[in-house]
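Student: In the UniProt record's numbering, the protein residues as written are 1 to 621. Glycine included, every Cβ here is placed at the ideal spot set by N, Cα and C. First the structure, then my questions, so here it is.
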């Protein structure tokens, strides 16, 4: 078999922990590392590899066979038949000789008469191995990973057909290894294997320090959409090579899309210098098409941890992700942020928010407050805006600015949005059951939720369960979203309107103000942002911008609603110009559901005739 002079005895845990990376780059090193990580962390065999091994043994008439992946001093056999060992020493083994030979075919007819193997105890003594044949497992980039081999205890040679079958199966094994362990675009470790290998690095390293980094490319999605996926894939491969060439001895992975990761044990003492080298490697220009140079930058989050530690590999990578997500401005270059105590508190908040969404009461509960919207010309309540709050057991009532970004960066924003939608519909159902006249309720949905594949199924389930008609809901889409996948967004919004749901463009004037995008987007209401409402009566520039917004609403035949109204003078100025739909502290702050139900009841009793502004303010107090 593959065993050397030590007879192929199974290695103990100390020997396995001593495995080190070979000084090669690319797929060969990655698959070698992956083999070590997988072997340590999963004891179950790979049925697909075992199937190929069985085919190889049957096709060649051999009794023994396996797949070998090479390490510096050991060999790992992820699949084998006819032997017990999963690890053997590399020195003096058949497999090591086959790899060192460097040819596309390696065969020994009778090991007793081959000076390279005659002294091997497993040849000279039991089990008396004689024949060995192997094909190299060679990656697409021509790195030797190991081999697919068969053995017998009788002298023999394989015929041409058997040899060709073994070669074909070897190519299949390479494809399977790369698919299992590597990202299909870059060939780097995928997320699962990176985490497995990182977990291995953490074991038995007391007294050392590990630095885990997450690299989030800024603007890659736009480049990918503009220059097509083939160019995007080429850029990802380029970035992967730049990372691998940045420092020796590091573990790298491509987590998917525009995110990479790395880990270093006891990083160099000149940390500022190696961090600068990392940024410089990423920031180098590249050619997206002939004559067109482009540059991408990255948000890089670092987590440094002394070992041993209680956190697992996933926890360390998550905290590096948190550190990267805090970087807002990159000033035309890659930026680095290290995880610290403040971010630790934020990570704790993420965890507690997730549990609160799941209903764990010890972390408080999410609740919805509602801010009224009024029409001062008709003297009536025309709507409510739903604003989520988190009643935290320690921090009290927490506003969305503190926790919504955490939900977005941790991938839980869809859960949060659906939870808020369910709470709103539960409130609407209760108010209607108690005879209240209910106006439409506006909810601000994230891009991720609007584009989520399950949004319509979840919306339909919630509406059916609560009996709330779609025309009692209004979904707000921020202006900046209009340029992001406009065709898909148009389809989603049209489908919402088909359910009766109203659509509003929120925070208008703060985004790109792209009239072409607005023209192709179906909407019912335009919401002028607070900065173009507050002080409009006394500031000529604000008034000028507002006049443009009012004109745009008129062109699109959309209702114009002004947010952030706080001043009577601004209200009068707006009314003089025919703008009557407003929302803001001048009338009411956001209030919890029980208080809003009282407001609905008061308006219902007083709504025989249009109400004056003072009367509405009194009812909303």
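Quick one: is residue 113 buried, meaning 16 or more other Cβ sit within 10 Å of its Cβ, or exposed?
Tutor: So residue 113 ends up on the exposed side.
Student: In the DSSP assignment, find the unbroken beta strand (DSSP E) run with residue 521 in it and report its ends.
Tutor: That residue, residue 521, is in no beta strand (DSSP E); it is neither H nor E in DSSP.
Student: Considering Cα atoms alone, identify which of 75, 95 and 297 is closest to residue 216.
Tutor: For the residues 75, 95 and 297, the minimum Cα distance to residue 216 belongs to 297.
Student: In this structure, how does DSSP classify residue 123 when only helix, strand and coil are distinguished?
Tutor: Three-state result, residue 123: helix.
Student: Taking the alpha helix (DSSP H) that residue 208 belongs to, which residues open and close that run?
Tutor: Unbroken run through residue 208: none, as it is neither H nor E.
Student: Assuming residue 327 and residue 333 make a contact with CB atoms under 8 Å, what is their CB distance in whole Å?
Tutor: About 11 Å; that fails the 8 Å criterion.
Student: Ignore the nearest five residues each way along the sequence and tell me which others in residue 365's own chain have a CB closer than 7 Å to its CB.
Tutor: 356 and 391, listed in sequence order.
Student: Which term fits residue 585, buried or exposed, when burial requires 16 or more other beta carbons within 10 angstroms of its beta carbon?
Tutor: Exposed: under 16 other Cβ atoms inside 10 Å.
Student: How would you label residue 449, buried or exposed, when you count the other beta carbons within 10 angstroms and need 16 or more for buried?
Tutor: With 16 or more other Cβ atoms within 10 Å, it is buried.
Student: Using three-state DSSP, classify residue 417 as helix, strand or coil.
Tutor: In the structure shown, residue 417 sits in a helix (DSSP, three-state: H, G or I).
Student: For the pair the stretch 437-447 and the stretch 409-429, tell me if three or more CB-CB distances fall below 8 Å.
Tutor: Yes, since at least three Cβ pairs between the stretch 437-447 and the stretch 409-429 fall closer than 8 Å, the two stretches touch.
Student: Please report the straight-line C-alpha distance between residue 149 and residue 115, rounded to a whole angstrom.
Tutor: Residue 149 and residue 115: Cα-Cα distance of roughly 20 Å.
Student: Please state the DSSP three-state secondary structure of residue 246.
Tutor: Looking at residue 246 - three-state DSSP - the assignment turns out to be coil, as it is neither helix nor strand.
Student: Does the pairing of the stretch 216-231 with the stretch 173-183 give three or more beta-carbon distances under 8 Å?
Tutor: No, the stretch 216-231 does not touch the stretch 173-183.
Student: Given 8 Å as the limit, is there contact between the stretch 128-136 and the stretch 158-172, that is, 3 or more CB pairs closer than that?
Tutor: Yes, the stretch 128-136 touches the stretch 158-172.
Student: On a CA-only basis, which of 92, 288, 163 and 91 is nearest residue 56? Give me that one, please.
Tutor: The shortest C-alpha separation from residue 56 is found at 163.
Student: Out of curiosity, what's the CA-to-CA distance linking residue 623 and residue 404?
Tutor: With the chain running from 1 to 621 in the structure shown, residue 623 is simply not present.
Student: Quick check: the Cα distance between residue 91 and residue 147, rounded to an integer number of angstroms?
Tutor: Using only the alpha carbons, I get a separation of about 15 Å.
Student: How many angstroms separate the CA atom of residue 559 from the CA atom of residue 546?
Tutor: Rounded to whole angstroms, residue 559 to residue 546 spans 14 Å at the Cα level.
Student: With a threshold of 7 Å on Cβ separation, who are the neighbours of residue 500 within its own chain once the five nearest residues in sequence on each side are excluded?
Tutor: Cβ within range, chain order: 469, 470 and 471.
Student: Could you check if residue 397 is buried or exposed, using at least 16 other CB atoms within 10 Å of its CB as the buried criterion?
Tutor: When all chains shown are included, residue 397 counts as exposed.
Student: For the stretch 189-199 against the stretch 119-131, are there 3 or more C-beta pairs whose distance is under 8 Å?
Tutor: With a cut-off of 8 Å, the stretch 119-131 and the stretch 189-199 do not count as touching, because too few Cβ pairs lie within range.
Student: If we count the other Cβ atoms within 10 Å of its Cβ and call it buried at 16 or more, is residue 212 buried or exposed?
Tutor: Burial call: buried.
Student: Counting only the same chain and skipping the five closest in sequence on each side, list residues whose C-beta sits under 7 Å from that of residue 467.
Tutor: 429.
Student: Check residue 105 in the structure and name its three-state DSSP category.
Tutor: The answer is coil: DSSP assigns residue 105 none of H, G, I, E or B.
Student: In this structure, what does DSSP give as the bridge partners for residue 132?
Tutor: Paired residues: 108 and 151.
Student: Beta-carbon within less than 6 Å of residue 33's beta-carbon, same chain only, minus the 5 sequence neighbours each way: which residues are those?
Tutor: Residue placement at residue 33 cannot be trusted, given a pLDDT of 47 that sits under 50; what the coordinates show is reported in the next sentence. 197, listed in sequence order.
Student: Less than 9 Å separating the beta-carbons of residue 210 and residue 264?
Tutor: Yes, they are a contact pair.
Student: If you draw a straight line from the alpha carbon of residue 145 to that of residue 84, how long is it in whole angstroms?
Tutor: Whole-angstrom Cα-Cα distance: 22 Å.
Student: Based on the DSSP secondary-structure assignment, which residues constitute the bridge partners of residue 287?
Tutor: Answer is 293, bridged to residue 287.
Student: Identify whether residue 652 lies in helix, strand or coil by the three-state DSSP scheme.
Tutor: Because residue 652 is not part of the residues shown, which for the chain are 1 to 621, the question remains open.
Student: On the DSSP bridge assignment, give the partners of residue 613 in chain order.
Tutor: In DSSP, residue 613 forms no bridge with anything.
Student: Have a look at the DSSP bridge pairing and note the partners of residue 375.
Tutor: According to DSSP, which records beta bridges pairwise, residue 375 is partnered with 380 and 581.
Student: Would you please state the rounded distance, in angstroms, between the beta carbons of residue 504 and residue 525? I believe it to be under 8 Å.
Tutor: Between residue 525 and residue 504 the Cβ distance is about 4 Å, and since that is below 8 Å, they are a contact.
Student: Flag this pair as yes or no: are the beta carbons of residue 492 and residue 455 separated by less than 9 Å?
Tutor: Yes, they are a contact pair.
Student: I'd like the list of long-range same chain contacts for residue 446, defined as Cβ closer than 7 Å, with 5 residues on each side in sequence excluded.
Tutor: These residues qualify, in order along the chain: 408, 413 and 417.
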